[in-house]
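Remarks on the structure that follows.
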Amino acid sequence: MTRTLPLAALLLTATQAPAAPTEWTLDLGHAHIGWEIDHMGLSRTVGRFNTFDGTFLIDEANPAASQITFVIDAASIDSNHGPRDAHLRNGDYLDAETNPQITFTSTDIQMLTPTSGKLHGDLTLRGGTAPVTLDFRMVRDRTYPDFIPGYDEVRVVGFEATGEILRLDHGMDFIAFLDSPTGPSVDVDLHFDLVHCTNASANNIPCNWGR
6 MTRTLPLAAL LLTATQAPAA PTEWTLDLGH AHIGWEIDHM GLSRTVGRFN
56 TFDGTFLIDE ANPAASQITF VIDAASIDSN HGPRDAHLRN GDYLDAETNP
106 QITFTSTDIQ MLTPTSGKLH GDLTLRGGTA PVTLDFRMVR DRTYPDFIPG
156 YDEVRVVGFE ATGEILRLDH GMDFIAFLDS PTGPSVDVDL HFDLVHCTNA
206 SANNIPCNWG R
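Just add 5 to wherever you are in the sequence shown, counting from 1, and you've got the numbering used here.
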(Lines of atoms letter the chains of each structure in order from A and count residues from 1; the text may use other names and numbers.)
(Lines give C-alpha, C1' and ligand atoms only; values in the text may rest on other atoms or scores of the structure.)
Protein backbone atom coordinates (compact mmCIF):
# COMPACT_ATOMS: atom_id res chain seq x y z
CA MET A 1 0.00 0.00 0.00
CA THR A 2 1.50 3.36 -1.04
CA ARG A 3 1.34 6.15 1.49
CA THR A 4 0.04 9.41 0.08
CA LEU A 5 1.18 11.76 2.83
CA PRO A 6 4.19 13.92 1.86
CA LEU A 7 7.09 14.66 4.17
CA ALA A 8 4.51 15.54 6.83
CA ALA A 9 4.58 11.78 7.28
CA LEU A 10 8.16 12.07 8.49
CA LEU A 11 9.73 15.52 8.64
CA LEU A 12 7.06 18.23 8.45
CA THR A 13 5.40 20.26 11.19
CA ALA A 14 1.97 18.83 11.73
CA THR A 15 -1.13 20.03 13.55
CA GLN A 16 -1.38 16.89 15.64
CA ALA A 17 -0.28 16.74 19.27
CA PRO A 18 3.51 16.63 19.76
CA ALA A 19 5.03 13.18 20.00
CA ALA A 20 8.42 11.96 21.09
CA PRO A 21 10.98 11.38 18.32
CA THR A 22 10.78 7.93 16.75
CA GLU A 23 13.85 5.88 15.95
CA TRP A 24 14.27 4.83 12.33
CA THR A 25 16.84 2.40 10.91
CA LEU A 26 19.16 2.96 7.97
CA ASP A 27 18.63 0.22 5.39
CA LEU A 28 22.26 -0.61 4.65
CA GLY A 29 21.20 -2.54 1.57
CA HIS A 30 19.83 0.64 0.04
CA ALA A 31 22.23 3.37 1.09
CA HIS A 32 25.07 5.22 -0.62
CA ILE A 33 27.50 7.94 0.46
CA GLY A 34 29.44 9.24 -2.53
CA TRP A 35 31.85 12.04 -3.28
CA GLU A 36 33.56 13.69 -6.23
CA ILE A 37 36.30 16.26 -6.61
CA ASP A 38 37.90 18.27 -9.38
CA HIS A 39 40.95 16.79 -11.13
CA MET A 40 43.04 19.59 -12.64
CA GLY A 41 39.98 21.13 -14.27
CA LEU A 42 39.59 18.00 -16.37
CA SER A 43 37.45 15.04 -15.36
CA ARG A 44 36.10 14.55 -11.86
CA THR A 45 37.52 11.94 -9.50
CA VAL A 46 34.55 10.00 -8.13
CA GLY A 47 34.32 7.61 -5.19
CA ARG A 48 32.29 6.44 -2.23
CA PHE A 49 32.54 5.06 1.30
CA ASN A 50 31.70 1.39 1.65
CA THR A 51 31.16 1.15 5.41
CA PHE A 52 28.90 3.48 7.42
CA ASP A 53 25.83 3.61 9.63
CA GLY A 54 23.78 6.17 11.50
CA THR A 55 21.14 6.96 14.09
CA PHE A 56 17.88 8.66 13.17
CA LEU A 57 15.55 10.03 15.83
CA ILE A 58 12.80 11.68 13.82
CA ASP A 59 10.22 14.05 15.25
CA GLU A 60 7.45 14.19 12.65
CA ALA A 61 5.63 17.04 14.37
CA ASN A 62 8.72 19.18 14.89
CA PRO A 63 11.53 18.42 12.43
CA ALA A 64 13.96 20.79 14.16
CA ALA A 65 13.87 18.49 17.19
CA SER A 66 15.02 15.49 15.15
CA GLN A 67 18.50 14.12 15.72
CA ILE A 68 20.47 12.60 12.84
CA THR A 69 23.96 11.15 12.95
CA PHE A 70 26.10 9.44 10.32
CA VAL A 71 29.26 7.52 11.25
CA ILE A 72 31.61 6.58 8.39
CA ASP A 73 34.62 4.27 8.39
CA ALA A 74 37.29 6.53 6.88
CA ALA A 75 39.39 3.59 5.69
CA SER A 76 36.47 2.33 3.58
CA ILE A 77 37.02 5.08 1.00
CA ASP A 78 36.87 3.62 -2.50
CA SER A 79 37.68 5.40 -5.77
CA ASN A 80 38.22 2.18 -7.73
CA HIS A 81 42.00 2.82 -7.75
CA GLY A 82 44.04 0.99 -5.10
CA PRO A 83 47.18 3.20 -4.95
CA ARG A 84 45.08 6.38 -4.92
CA ASP A 85 42.86 4.99 -2.14
CA ALA A 86 45.96 4.18 -0.08
CA HIS A 87 47.07 7.82 -0.50
CA LEU A 88 43.62 9.10 0.47
CA ARG A 89 43.82 7.08 3.68
CA ASN A 90 47.20 8.42 4.77
CA GLY A 91 48.15 11.63 6.57
CA ASP A 92 47.94 13.82 3.47
CA TYR A 93 44.20 13.38 3.36
CA LEU A 94 41.90 11.38 5.70
CA ASP A 95 44.60 10.19 8.13
CA ALA A 96 42.39 7.16 8.70
CA GLU A 97 44.76 5.34 11.05
CA THR A 98 44.71 8.20 13.57
CA ASN A 99 41.13 9.29 12.88
CA PRO A 100 39.25 6.14 11.87
CA GLN A 101 35.76 7.67 11.97
CA ILE A 102 34.11 10.50 10.08
CA THR A 103 30.98 11.74 11.84
CA PHE A 104 28.12 14.06 10.95
CA THR A 105 25.80 15.25 13.74
CA SER A 106 22.74 17.34 12.92
CA THR A 107 22.19 20.69 14.62
CA ASP A 108 19.03 21.84 12.83
CA ILE A 109 16.56 20.77 10.16
CA GLN A 110 14.98 23.51 8.08
CA MET A 111 11.95 22.59 5.96
CA LEU A 112 11.60 24.65 2.76
CA THR A 113 8.79 22.69 1.12
CA PRO A 114 6.67 19.74 2.26
CA THR A 115 9.26 17.37 0.77
CA SER A 116 12.61 19.20 0.89
CA GLY A 117 14.82 21.31 3.09
CA LYS A 118 18.26 21.86 4.56
CA LEU A 119 20.00 19.62 7.07
CA HIS A 120 22.54 21.59 9.09
CA GLY A 121 25.17 19.82 11.14
CA ASP A 122 28.76 19.44 12.30
CA LEU A 123 31.17 17.28 10.31
CA THR A 124 34.17 15.85 12.16
CA LEU A 125 36.88 14.65 9.80
CA ARG A 126 40.58 14.19 10.53
CA GLY A 127 39.85 15.33 14.07
CA GLY A 128 38.61 18.74 12.93
CA THR A 129 34.98 19.83 13.13
CA ALA A 130 33.27 22.32 10.81
CA PRO A 131 29.64 23.11 9.96
CA VAL A 132 28.12 21.53 6.85
CA THR A 133 24.72 22.00 5.22
CA LEU A 134 23.07 19.30 3.13
CA ASP A 135 20.19 20.00 0.77
CA PHE A 136 17.78 17.09 1.02
CA ARG A 137 14.53 15.90 -0.47
CA MET A 138 12.21 13.04 0.28
CA VAL A 139 11.89 10.73 -2.70
CA ARG A 140 8.98 8.61 -1.48
CA ASP A 141 7.15 7.52 1.67
CA ARG A 142 5.44 4.15 1.43
CA THR A 143 4.88 0.75 2.99
CA TYR A 144 6.56 -2.29 1.50
CA PRO A 145 3.99 -4.54 -0.22
CA ASP A 146 3.01 -7.74 1.52
CA PHE A 147 4.16 -9.97 -1.36
CA ILE A 148 7.89 -9.25 -0.79
CA PRO A 149 9.21 -12.02 1.52
CA GLY A 150 11.01 -10.77 4.63
CA TYR A 151 9.95 -7.13 4.30
CA ASP A 152 6.91 -7.41 6.61
CA GLU A 153 5.10 -4.37 5.19
CA VAL A 154 7.31 -1.97 7.17
CA ARG A 155 7.14 1.73 6.40
CA VAL A 156 10.08 3.07 4.38
CA VAL A 157 11.07 6.59 3.34
CA GLY A 158 13.70 7.32 0.68
CA PHE A 159 15.91 10.41 0.73
CA GLU A 160 18.50 12.12 -1.43
CA ALA A 161 20.95 14.75 -0.11
CA THR A 162 23.81 16.78 -1.55
CA GLY A 163 26.38 19.16 -0.11
CA GLU A 164 29.89 20.55 -0.28
CA ILE A 165 32.86 20.03 2.02
CA LEU A 166 35.92 22.29 2.00
CA ARG A 167 38.91 20.09 2.69
CA LEU A 168 40.93 22.97 4.20
CA ASP A 169 38.27 23.16 6.95
CA HIS A 170 39.58 19.79 8.11
CA GLY A 171 43.32 20.34 7.75
CA MET A 172 43.67 18.63 4.36
CA ASP A 173 46.12 21.20 3.02
CA PHE A 174 48.28 18.81 1.02
CA ILE A 175 49.29 20.26 -2.37
CA ALA A 176 51.40 18.03 -4.59
CA PHE A 177 52.41 20.89 -6.87
CA LEU A 178 51.10 24.19 -8.25
CA ASP A 179 47.71 23.58 -9.90
CA SER A 180 47.46 20.44 -7.78
CA PRO A 181 45.16 17.70 -9.11
CA THR A 182 43.10 17.77 -5.90
CA GLY A 183 40.44 20.47 -5.84
CA PRO A 184 39.65 22.52 -2.71
CA SER A 185 36.01 21.41 -2.40
CA VAL A 186 34.45 17.97 -2.29
CA ASP A 187 30.89 17.42 -3.50
CA VAL A 188 29.00 14.75 -1.56
CA ASP A 189 25.81 12.92 -2.42
CA LEU A 190 23.72 10.57 -0.30
CA HIS A 191 20.93 8.21 -1.30
CA PHE A 192 19.33 6.17 1.47
CA ASP A 193 16.19 4.52 2.77
CA LEU A 194 15.03 4.78 6.38
CA VAL A 195 12.79 2.00 7.66
CA HIS A 196 10.47 1.99 10.66
CA CYS A 197 11.52 -1.19 12.45
CA THR A 198 9.48 -1.03 15.66
CA ASN A 199 8.09 -4.52 16.28
CA ALA A 200 9.77 -5.86 13.12
CA SER A 201 10.97 -9.45 13.30
CA ALA A 202 14.63 -10.39 13.66
CA ASN A 203 14.40 -11.80 10.13
CA ASN A 204 13.20 -8.56 8.57
CA ILE A 205 15.55 -7.85 5.69
CA PRO A 206 15.69 -4.03 5.42
CA CYS A 207 15.85 -3.66 9.22
CA ASN A 208 18.77 -6.08 9.60
CA TRP A 209 20.68 -6.07 6.32
CA GLY A 210 24.43 -5.90 7.01
CA ARG A 211 24.02 -6.09 10.79
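Quick reminder that beta carbons are idealized off the backbone N, C-alpha and C, glycines included.
Query	Result
Rounded separation between S48 and D97 - CA only	22 Å
Between the CA atoms of Q106 and R94 - distance to the nearest angstrom	12 Å
Spatial distance of L130 from N104 (CA atoms)	8 Å
Test item: CB-CB of V51 and S81 under 8 Å	no
Bounding residues of the alpha helix (DSSP H) (the contiguous stretch that carries D90)	G87 to R94
Cβ shell of F109 (< 6 Å), same chain only, five flanking positions each side left out	F75, G126 and L128
Under 8 Å between C-beta atoms of F164 and L199	yes
D188 versus S121 - alpha carbon distance	Checking the displayed sequence, the identity of residue 188 turns out to be Gly instead of Asp. Between G188 and S121, the C-alpha separation is close to 29 Å.
Pairwise C-alpha distance: V137 and G168	8 Å
Selected residue, minimal CA-CA separation from S71, among I77, F61 and P150	F61
CA-to-CA distance, I42 to D192, given in whole angstroms	6 Å
Cα-Cα separation, P224 to P88	Given a span of 6 to 216 for the chain in the structure shown, any question on residue 224 remains unanswerable.
Simplified DSSP assignment, three categories, for A80	helix
Member of T134, R216, F197 and D157 whose CA lies at the smallest distance from the CA of R145	F197
T203 burial status per 10 Å Cβ neighbour count (16 or more: buried)	exposed
For D157, the nearest candidate out of A205, T118 and D113 (CA to CA)	A205
Pair within 8 Å by beta-carbon distance, G215 and G34	yes
Presumed contact (8 Å Cβ cut-off) between A135 and A101, rounded CB distance	Contact doesn't hold; Cβ gap of about 18 Å is too wide.
Boundaries of the alpha helix (DSSP H) in which I170 is found, first to last residue	Premise fails: I170 lies in the beta strand (DSSP E), R160 to L171, not in any alpha helix (DSSP H).
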